[in-house]
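In terms of our numbering, the sequence shown opens at residue 28 and continues consecutively. For glycine and all other residues, C-beta sits at the position ideal for the given N, C-alpha and C.
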Amino acid sequence: MIGKHRNLVAVVGVIAVVFSVGVQAAAASNSIEWVKYVVSDGSMSFHHPQGWQVSEVGGTILANGPDGEQLCLCALPYYQGWGPEQHARFMVAALQAQNPGLQVTGWKTDPAGDAVFLDLAYSGEGFNYVGTGLVIADALAEQAVWFHYLCAESKYSESRAEQVFKGFVTSLAEGASSQPPGRLARNADAFAFVVGFALGSPLSMAEEEVVLAELERYWSGRSESELAVYDEYHEIVSIVMKIGDRQQLADVQRLLGNTVRQWLLGSDPNDPVVQVICRYMLEPDRVLAPGPPAMTEVAATAYGELIAYARLLAEDPAAVPGDIDPDEVAEIVALLVRDWALFTDAVREQVLTAPAVWTALRRSIIRGDDAQRQAARSIVAGLAPYVTRQSRGAASGGARSTVMDLALYNAMVQVQETTFNHWTWCHGLRGAPTSF
């Protein structure tokens, strides 16, 4: 049954989307020494922590660690019309028939409907294990795959579990082309940063996640020589981040911008990387409300993410941008669309600066050092008294609510000035999306 792994690698593209591994996870995975394993028929490969033993039995691959950890990959029979949850329940029933002590909870389907995550707990023979399961079902490839990570409950660490499981699953690749976990994510992040900086095109967090996932998906099957080209972008990021002089930074941005545009003009328009750049960084953004100035989708989404994160920090000071509720962002965007005609030009311009402000703050929170993280969090948290007060007023059914009253506007002006005076220039983002 191992031969079927030749087709199993078709789900790699889905995996890249399901696991849009951010820099935090990629950086954390650096603390683990990874070893490549190529299956016996040579059809696919993956990485596992050093010191683990791998075995192949039929269509199942097990990797067991010295401290009671286990990784599993199992090709499931694919049934047309079944989604990932039905395939997962099929596997769970089979496992529970042989292991009555297995309990499965926390079923959660990813937004695209291609995968389902589940919490696992097993008790038997004096041992207690906990972990995570994942089933991916790809209708186009007609493939379904079960993955799991288990660890002795007494030694379980959520952060390590996430590092090991994500690293294992996202390293799955065709033939012997598996890359160490984190390399694709780090290269995608560096490449997207350099191109976004060069073009002066900030993204909302939602757009950035899509861009990184698409880059990783395309690169997941590339050769070593093709991937090596992108290793060099980290050096460019380091250079840009160290520039403190505004004029010098502008000169570097202009030089990189000309280089990127010339490269795009000379490239195959059907190249997936070129298409991603053009779609998200060059094509005109969708207009959600007419102007002038018009409200664009990227500006509205970035503003919604910033406000949602400020509210989240008021509830949980340790929250990270990835914890933002997309539904709350959508609600804020809907309010912006509703109230756009009521805003003054000054307020509208303030909303349009959100992509640059939020990109700079978000990057400092996620990728900065401790001092940068703390400073950026403090800036966003400074909005909390205004946005939480506003949300309570809206919930009480009082007067017609708006997502930008005078107090919040003044607070946003301060955030913009503070951010532009420090982080925004460090990231080459110099104004609203239409004035770069």
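ask   = What residues are listed by DSSP as bridge partners for M71?
value = E201
inquiry  = In the DSSP assignment, the alpha helix (DSSP H) including W290 goes from what residue to what residue?
reply    = 273–292
inquiry  = Assuming E251 and M71 are in contact, meaning their beta carbons sit under 8 Å apart, how far apart are those beta carbons, in whole angstroms?
reply    = With a Cβ gap of about 16 Å, E251 and M71 do not count as contacting.
task = From the DSSP output, in three-state form, read off I392 for me.
result = helix
ask   = At a cut of 8 Å, does the segment 362–381 reach the segment 326–333 through at least three beta carbon pairs?
value = yes
key: Under the three-state DSSP convention, the category W385 falls into   = helix
task = Specify the secondary structure class of E83 as computed by DSSP and reduced to three states.
result = strand
task = Name the one or two DSSP bridge partners that Y176 has.
result = L98, T159
request  = Compare the C-beta of Q377 against all C-beta atoms of chain C and say whether one is closer than 9 Å.
outcome  = The displayed structure is made up of one protein chain only, and chain C is not part of it.
task = Determine the burial state of I266: buried for a count of at least 16 other Cβ atoms within 10 Å of its Cβ, exposed for fewer.
result = Classification of I266: exposed, given that the 10 Å Cβ count is below 16.
query = Does DSSP put Y105 in a helix, a strand or coil?
reply = coil
query = Who are the Cβ neighbours of I29 in its own chain at under 8 Å, not counting the five residues just before and after it?
reply = Low confidence applies here, because I29 scores a pLDDT of 33, under 50, leaving its location unreliable; read the following figure in that light. Within the same chain, I29 has close Cβ partners V66, S67, D68, S70, E83, G85, G86.
ask   = Measuring CA to CA, which of D216, N91, V157 is closest to S181?
value = The residue with the shortest Cα to Cα distance from S181 is V157.
message = Buried or exposed, going by whether 16 or more other CB atoms sit within 10 Å of the CB of Q274?
response = exposed
N- and C-terminal bounds of the alpha helix (DSSP H) containing N212 = According to the sequence provided, residue 212 is Ala. The question's Asn does not apply to it. Element bounds for A212: 210–226.
key: 7 Å Cβ shell around F218 - same chain, five flanking residues per side excluded   = L242, Y257, Y260
query = Could you give the C-beta distance for S16 and F73, rounded to a whole number, given that I count them as a contact under 8 Å?
reply = Residue 16 is absent from the model: the chain starts at 28 and stops at 463.
ask   = Using 8 Å as the Cβ pair cut-off and three pairs as the minimum, do the segment 95–109 and the segment 167–185 touch?
value = yes
Status (buried if at least 16 other CB within 10 Å, exposed otherwise) for S184 = exposed
request  = Count the other CB atoms, across all protein chains shown, that sit within 10 Å of the CB of W79; report buried if there are 16 or more and exposed otherwise.
outcome  = Looking at its Cβ environment, which holds 16 or more other Cβ atoms inside 10 Å, W79 is buried.
ask   = Once you ignore the five residues that flank V81 on each side, which residues in its own chain have a CB closer than 6 Å to its CB?
value = Y64, A90
ask   = Looking at V119 and L161, is the spacing between their C-beta atoms short of 9 Å?
value = It is not a contact, given that the beta carbons lie outside the stated cut-off.
Per-residue DSSP class, three states only, for D295 = coil
key: Beta-carbon proximity of T136 to A148, cut-off 9 Å   = no
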